[in-house]
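Each remark here refers to the structure printed beneath this line.
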């Protein structure tokens, strides 16, 4: 017994092995919710003992505090009692063609025995149990696992150096022992439950015993949660709820017989919220990983054996995020002693299960894997020990994709490169088949299948443009659920105080009376935090200003009025820009050069749709009269070419004047919060998130432009796709005179929308970006495009 106490003091973390799920995984990843209650007892009125080799269904959903829906698996304590001969208990979900009859959850001898197990739940809300010998059974619930990552309670294993060992102490019949489990130190203060290894050393060799483990200050319920034969030593793994009333303490209450010495160790905990980056969702599955009986290779006395788990026979490989496994190890000893399981990089020291000679036992544990995905199992007895290592599932924390670029994440670089910048996105090892790595980078959405044996990488091209560049990478399941996401951003350009400014109208241009004054850095955009003020003079550069605007924000452009402008006049204009450029620490103000333009009696309109006319093509103004020049707007008209004539096409559907909106609450501030929602031309719900709005603004557009394009597109690529679709709408800049009109420029506006699922149930990723997609031209849209579509 002294040796066993020494093992406890050494604090070896318990571990076990997942491997080839000989049967397919039996559920999706779910998070743990601790509840406690009795689900079934065969000795209750109306019940009966288990008949040999007969499966008995037991209702789980809707009993003992378990919800009626949304549950994938349950963690229970099984008790076999009132039997005369040894046997085994097997457990499985209902509805399977061949229930599990090879992996026992409990091996019982000629007295009451108890063990813990995790079992998936059938579609009818039940599990089923089979005994090989006549016995009564009790099923007590420790908690359940949700269907998918939908609730609080991700599992976090405790590292080898962080184990908390409760000092050993004696406890007699009818007595209690209360101890802290390190809440606020070893485990977080908001942990919802703790996973304990409880070690019992029998002091009474004449009486069988039992004890109950429960949150402090909640009161024992009197049930025999854990049992042992007279003079026997046992180790149990159990989960204990930690409500606020427990103050982070656990109580052990002894039954009316026997006396024992108790020690316990924390091996893990469940988070109170599901957003912990180290928390793992549970995936139930059943398989046998190792069987020394079939290979005739028992563990020799004091032998330690390495057992590879991750990446073996269908178990997720190292790099997939697998961290721990739930195991039931069958022990077939020839001498009294104990068994230890611990990470491959750890040290022995904590008994997982004690045993007597020739007395089979099962040892359940939730165990942490070593960095190589393996565990070590040690035979702490003087004789050969056969083991059968069975897994009941694993805990996995989705691994975020990695993103690397030559520019650091969050960096700002004033210089704009002359060539494409290549960034690398690395996807994790897939936990199961069908996983994908999806990347969003500026103008593209791409996906690549993830491997179950190695990482995958994707090169992403970043255009040599001055603005904020953002790469978003997502790990998605076969059902297209986002399980992990990374974002990487860096700013190129932004040193507008040293850049050449591009004026509109250009130097010497002949402009219409309703022209707009606007400036932008060449191959860059002015950031949102700058202010612009325009000055306009008539006749000479030194004449008194006829217009001096206020400091402008937002659009940073100014529309001239025909009431002020005169036909045939030459005008001189300049701009002042105020703000803090990239690379500067203080605000600065610069004044641009002075540019000039002259006016004529023309007006400029924007016509939306496919004109199929080359630049500088001339049409008669009379052909545009039906379009009500110059008040043409998107909601009023579209031009089509029919037999060489230009005619009004009233069939273009007008955007809804009151589109469905999801407005941002003041507290929301994340880049992927949904700001707006509407219906597209093809009847789909389009979501626009904060990051998409930012990208759209960088292209000199805004959310209204995106809505117009998706609602009035003349071309849709990928229509009907459940992934991404491209919506196109042409904007034709036409300058009209008394004698006719000239097609000055045609720009194709593209809105990229991803209809993969993301965020809250029923939501999609939504708009990726909107930009001008004209070959050989900048993706930053001319002002006339925004002006025409922003109605």
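Numbering (my numbering), first residue to last: 1302 to 2092.
Ideal Cβ placement from N, Cα and C applies to all residues, glycine included.
- Query: Taking DSSP as the reference, what is the three-state secondary structure of residue 1944?
  - Reply: Within the chain shown, numbered from 1, the residue matching residue 1944 stands at position 643. Confidence at residue 1944 is low in this model, with a pLDDT of 26, below 50, so its placement is unreliable and no value can be given for it.
- Item | Beta-carbon gap between residue 1622 and residue 1732 smaller than 8 Å | Within the chain shown, residue 1622 is the residue found at index 321, counting from 1. Within the chain shown, residue 1732 is the residue found at index 431, counting from 1. By the CB criterion at 8 Å, residue 1622 and residue 1732 fall inside the cutoff.
- At what residue ranges does the segment 1700-1750 contain a whole run of the beta strand (DSSP E), taking only runs of 3 or more? The segment 1700-1750 contains these whole beta strand (DSSP E) runs: 1703-1705, 1722-1728, 1737-1742, 1745-1750.
- Item | Endpoints, beta strand (DSSP E) assigned at residue 2036 | Here residue 2036 is taken as the residue at index 735 of the chain shown, counted from 1. That run of the beta strand (DSSP E) goes 2025-2037.
- Query: Is residue 2030 closer than 8 Å to residue 2082 when the C-beta atoms are compared?
  - Reply: What you label residue 2082 is simply residue 781 of the chain shown in a count that begins at 1. What you label residue 2030 is simply residue 729 of the chain shown in a count that begins at 1. No; because the gap between Cβ atoms is not below 8 Å, this pair is not in contact.
- Item | Among 1897, 1862, 1857, 1632, nearest to residue 1809 - alpha-carbon criterion | To locate residue 1809, count along the chain shown from 1; it is residue 508. Here the closest residue by C-alpha is 1897.
- Item | 7 Å Cβ shell around residue 2059 - same chain, five flanking residues per side excluded | As a first step, residue 2059 must be located in the chain shown, where it is residue number 758. Counting only Cβ-Cβ distances below 7 Å, and skipping sequence neighbours, we find 1783, 2065, 2066.
- Message: Do residue 1418 and residue 1377 count as a contact pair if the criterion is CB distance below 8 Å?
- Response: As a first step, residue 1377 must be located in the chain shown, where it is residue number 76. As a first step, residue 1418 must be located in the chain shown, where it is residue number 117. A contact, by the Cβ cut-off of 8 Å.
- Query: What did DSSP end up calling residue 1484 once you bin it into helix, strand or coil?
  - Reply: Position 183 of the chain shown holds residue 1484. In the structure shown, residue 1484 adopts extended strand secondary structure according to DSSP, grouped into three states.
- Contacts around residue 1725, its chain only, beta-carbon distance under 7 Å, and the 5 residues preceding and following it disregarded: Your numbering for residue 1725 matches position 424 in the chain shown. Excluding residues within five positions, the ones whose Cβ falls inside 7 Å are 1705, 1758, 1760.
- Task: State buried or exposed for residue 1821, treating a residue as buried only when at least 16 other CB atoms are found within 10 Å of its CB.
- Result: Position 520 of the chain shown, counting from 1, holds the residue named residue 1821. Classification of residue 1821: buried, given that the 10 Å Cβ count is 16 or more.
- Provide the residue span of the alpha helix (DSSP H) that contains residue 2094, from first to last. In the structure displayed, the chain extends from 1302 to 2092; residue 2094 sits before or after that span and is not available.
- Can you tell me which of the three DSSP states residue 1951 falls into? Here residue 1951 is taken as the residue at index 650 of the chain shown, counted from 1. For residue 1951, the predicted structure reports a pLDDT of 34, less than 50, and the residue's modelled location is therefore unreliable. The matter cannot be settled from this model.
- Message: Taking 8 Å as the threshold (C-beta atoms), are residue 1671 and residue 1647 in contact?
- Response: Residue numbering aside, residue 1647 sits at position 346 when the chain shown is read from its first letter. Residue numbering aside, residue 1671 sits at position 370 when the chain shown is read from its first letter. Judged by their CB atoms, residue 1647 and residue 1671 are nearer to each other than the 8 Å cut-off.
- Using only alpha-carbon positions, find the residue among 1668, 1645, 1676, 1683 that is nearest to residue 1655. Taking the first residue of the chain shown as position 1, residue 1655 is located at position 354. Of the listed residues, the one whose Cα sits closest to residue 1655 is 1683.
- At what residue ranges does the segment 1884-1911 contain a whole run of the beta strand (DSSP E), taking only runs of 3 or more? Listed in chain order, the complete beta strand (DSSP E) runs (minimum 3 residues) inside the segment 1884-1911 are 1889-1892, 1896-1900, 1904-1909.
- Assigned secondary structure, residue 2086 (DSSP; H/G/I helix, E/B strand, else coil): Taking the chain shown and counting its residues from 1, one reaches residue 2086 at position 785. Helix.
- Query: Relative to the ligand NAD, is the shortest distance from any of its heavy atoms to the C-beta of residue 1751 smaller than 7 Å?
  - Reply: With respect to the ligand NAD, the structure offers nothing, as it holds no ligand at all.
- Task: Evaluate contact between the segment 1834-1853 and the segment 1790-1797, counting only Cβ atoms and requiring at least three cross-stretch pairs below 8 Å.
- Result: The segment 1834-1853 makes no contact with the segment 1790-1797; the number of CB pairs closer than 8 Å stays below 3.
- Can you grab the Cα-Cα spacing for the pair residue 1595 / residue 1405, in whole Å? Against the chain shown, residue 1595 aligns to sequence position 294. Against the chain shown, residue 1405 aligns to sequence position 104. In this structure, the alpha-carbon of residue 1595 lies about 16 Å from that of residue 1405.
- Taking the beta strand (DSSP E) that residue 1360 falls in, what are its first and last residues? As a position in the chain shown, residue 1360 is number 59, starting the count at 1. Boundaries of the beta strand (DSSP E) around residue 1360: 1356-1360.
- Message: What does the alpha-carbon distance come out to for the pair residue 1936 and residue 2086?
- Response: The residue given as residue 1936 occupies position 635 in the chain shown. The residue given as residue 2086 occupies position 785 in the chain shown. Note that residue 1936 scores 29 on pLDDT, short of 50, meaning its location in the model is unreliable; the coordinates nonetheless yield the value given after this. In this structure, the alpha-carbon of residue 1936 lies about 14 Å from that of residue 2086.
- In three-state terms, what does DSSP make of residue 1593? Along the chain shown, one-based indexing puts residue 1593 at 292. Here DSSP, grouped into helix, strand and coil, assigns residue 1593 to helix.
- Message: On a Cα-Cα basis, can you pick out the residue from 1618, 1541, 1804 that is closest to residue 1875?
- Response: Taking the first residue of the chain shown as 1, we reach residue 1875 at position 574. For the set 1618, 1541, 1804, the Cα lying nearest the Cα of residue 1875 is the one of 1804.
- residue 2112 in three-state terms, based on DSSP: This structure cannot settle anything about residue 2112, because the visible part of the chain is limited to 1302 through 2092.
- Measuring alpha carbon to alpha carbon, tell me which of 1791, 1583, 1909, 1536 ends up nearest residue 1699. The residue you call residue 1699 lines up with position 398 of the chain shown. The shortest CA-to-CA distance from residue 1699 to any of 1791, 1583, 1909, 1536 is the one to 1583.
- Query: Which first and last residues belong to the beta strand (DSSP E) in which residue 1817 is found?
  - Reply: Here residue 1817 refers to the residue found at position 516 of the chain shown. From DSSP, the beta strand (DSSP E) with residue 1817 extends over 1817-1822.
- Message: If I follow the unbroken beta strand (DSSP E) through residue 2006, where does it start and stop?
- Response: Residue mapping note: residue 2006 aligns to position 705 of the chain shown, counting from 1. For residue 2006, no beta strand (DSSP E) encloses it; the enclosing alpha helix (DSSP H) starts and ends at 2004-2012.
- Query: Buried or exposed: which applies to residue 1734, given that a residue is buried once 16 or more other Cβ atoms fall within 10 Å of its Cβ?
  - Reply: Here the question's residue 1734 lines up with position 433 in the chain shown. Answer is exposed; the Cβ neighbour count stays below 16.
- Message: Excluding the 5 residues flanking residue 2084 on each side, which residues of the same chain have their C-beta closer than 8 Å to its C-beta?
- Response: In the chain shown, counting from the first residue as 1, residue 2084 sits at position 783. These residues qualify, in order along the chain: 1805, 1817, 1819, 1858, 2001.
- Just reading off the beta strand (DSSP E) that residue 1393 is part of, what are its end residues? Numbered from its first residue, the chain shown carries residue 1393 at position 92. Going by DSSP, residue 1393 is part of the beta strand (DSSP E) stretching over 1388-1394.
- Where residue 1892 falls, given that 16 or more other Cβ within 10 Å makes a residue buried: Counted from its first residue, the chain shown places residue 1892 at position 591. Counting Cβ neighbours within 10 Å, residue 1892 comes out exposed, since fewer than 16 surround it.
- Jot down the residue ranges of each uninterrupted beta strand (DSSP E) in the segment 1578-1639, minimum 3 residues, whole runs only, in chain order. Fully enclosed beta strand (DSSP E) runs of 3 or longer: 1582-1592, 1605-1609, 1623-1634.
- State the beta-bridge partners of residue 1550 as determined by DSSP. The sequence position of residue 1550 within the chain shown is 249, counting from 1. Per DSSP, 1481.
- Query: Tell me which same chain residues have a C-beta within less than 6 Å of the C-beta of residue 1383, skipping the five on either side of it?
  - Reply: If you number the chain shown from 1, residue 1383 lands on position 82. Cβ neighbours of residue 1383 beyond the five flanking positions: 1437.
- Item | Cβ-based burial, residue 1634 [other Cβ within 10 Å; buried from 16] | As a first step, residue 1634 is located in the chain shown; it is residue number 333 there, counting from the start. Residue 1634 is buried by the Cβ-count criterion.
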